[in-house]
Amino acid sequence: MTTEAILPARADIADATAPVLRQQVLVLYLADSSLDSYVVGWSRYDGTGRTSPTTGDSDEPPYESGVAALRDGWRLFQAAQLIPPYPGHEYDVSFLKHEFFFERIVDVRSVVDLS
Numbered sequence: 176m177t178t179e180a181i182l183p184a185r186a187d188i189a190d191a192t193a194p195v196l197r198q199q200v201l202v203l204y205l206a207d208s209s210l211d212s213y214v215v216g217w218s219r220y221d222g223t224g225r226t227s228p229t230t231g232d233s234d235e236p237p238y239e240s241g242v243a244a245l246r247d248g249w250r251l252f253q254a255a256q257l258i259p260p261y262p263g264h265e266y267d268v269s270f271l272k273h274e275f276f277f278e279r280i281v282d283v284r285s286v287v288d289l290s
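Each number in the working numbering corresponds to the 1-based position in the sequence shown with 175 added.
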């Protein structure tokens with residue numbers, strides 16, 4: 176992959192055939208640290224400006240697991256650090272700790288659905 180494939184194109188370039196690349200981000204919270212575990216929460220962000228998804232805008236997750244997102248072309252770029260619970264706090268309720276960030280780079284001139 177060349178660097179040109181991931182850098183956003185400049186809007187002032189006269190070449191109408193040049194791709195205009197933007198990033199879409201998908202955050203999946205999984206049931207545990209395994210990418211093939213089921214999705215318990217999610218957020219989506221669309222750098223193309225075509226959609227404005229918000230947290231909780233759907234009853235169904237966009238994917239059943241992190242692996243399903245990978246198979247659909249999303250690239251994993253960050254996973255939550257695994258930190259063991261402090262002794263005596265194994266059953267405390269807190270934030271969703273199995274957070275995985277995915278991205279895909281899309282050409283805004285083509286039609287791409289965020290889901």
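Cβ coordinates follow ideal geometry from the N, Cα and C atoms, glycine included.
Please name the residue or residues paired with residue 282 in a DSSP beta bridge.
Partner(s): 196.
Check whether residue 196 and residue 280 have beta carbons under 9 Å apart
Taking a C-beta distance under 9 Å as the contact criterion, residue 196 and residue 280 qualify as a contact pair.
Determine the direct distance from the alpha carbon of residue 263 to that of residue 236, and round the result to whole angstroms.
Between the C-alpha atoms of residue 236 and residue 263 there is a straight-line separation of about 33 Å.
Just mark residue 277 as buried or exposed, buried being the case when its beta carbon has 16 or more other beta carbons within 10 Å.
It is buried - the Cβ of residue 277 has at least 16 other Cβ atoms within 10 Å.
Residues that DSSP places opposite residue 253 in a beta bridge
Beta-bridge pairing links residue 253 to 276.
Residue closest to residue 206, alpha-carbon to alpha-carbon, out of 256, 244, 260 and 240
Taking residue 206 as reference, the option from 256, 244, 260 and 240 with the minimal CA-CA separation is 240.
With distances taken Cα to Cα, identify the nearest neighbour of residue 245 among 211, 204 and 224.
Cα-wise, what sits closest to residue 245 is 211.
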